[in-house]
Amino acid sequence: MTCKLYQLIGIEGGRGSIEYGEILDDCDSKTISTLQAINYLSSHVASLCGEKLDMKEVINISLIIGDLAELGVATNKIARNIQLEKS
Numbered sequence: 001m002t003c004k005l006y007q008l009i010g011i012e013g014g015r016g017s018i019e020y021g022e023i024l025d026d027c028d029s030k031t032i033s034t035l036q037a038i039n040y041l042s043s044h045v046a047s048l049c050g051e052k053l054d055m056k057e058v059i060n061i062s063l064i065i066g067d068l069a070e071l072g073v074a075t076n077k078i079a080r081n082i083q084l085e086k087s
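Numbering follows our numbering, in which position 59 of the sequence shown is assigned residue number 59; successive positions increment by one, without gaps.
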């Protein structure tokens, strides 16, 4: 039975075995975790401003924040689509 977001990859025609409620919960928790990670990394960048800046580190963290933001948007969209399908 499919209950996690990552399990949706490669499923062909198995809609009956998909637990949409559990995937919705999984996407919601992943969205929250992603936003918490973004917050943590943003705080880290802010703390670097008080120190000597290593531009490589700042650029790396900003790229990670961008990737996490895209993941947050994706999991949020999946959760919303599942909610609409359930209605």
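The C-beta atom is built at its ideal place from N, Cα and C for all residues, glycine as well.
Neighbourhood of residue i by C-beta, 6 angstroms cutoff - its chain only, sequence neighbours within 5 removed
{"i": "Gly72", "result": "Thr31, Thr34 and Leu35"}
{"i": "Thr75", "result": "Cys27, Lys30 and Thr31"}
{"i": "Glu70", "result": "none"}
{"i": "Gly50", "result": "none"}
Enclosing alpha helix (DSSP H) for residue i [first to last residue]
{"i": "Glu70", "result": "Met55 to Lys86"}
{"i": "Ser29", "result": "Tyr20 to Leu48"}
Cβ pair residue i, residue j closer than 8 angstroms
{"i": "Ala37", "j": "Leu68", "result": "yes"}
{"i": "Ser43", "j": "Ile65", "result": "no"}
{"i": "Leu63", "j": "Glu57", "result": "no"}
{"i": "Tyr20", "j": "Lys77", "result": "no"}
For residue i, the nearest candidate out of the options (CA to CA)
{"i": "Cys40", "options": "Leu53, Ser87, Ile61 and Lys52", "result": "Residue 40 is actually Tyr in this sequence, not Cys. Measuring from the Cα of Tyr40, the nearest candidate turns out to be Ile61."}
Contact set for residue i: own chain, Cβ-Cβ below 7 angstroms, skip 5 residues either direction
{"i": "Gln83", "result": "Leu24"}
Contacting residues, own chain, Cβ-Cβ under 8 angstroms from residue i (five flanking each side not counted)
{"i": "Glu22", "result": "Cys3 and Lys4"}
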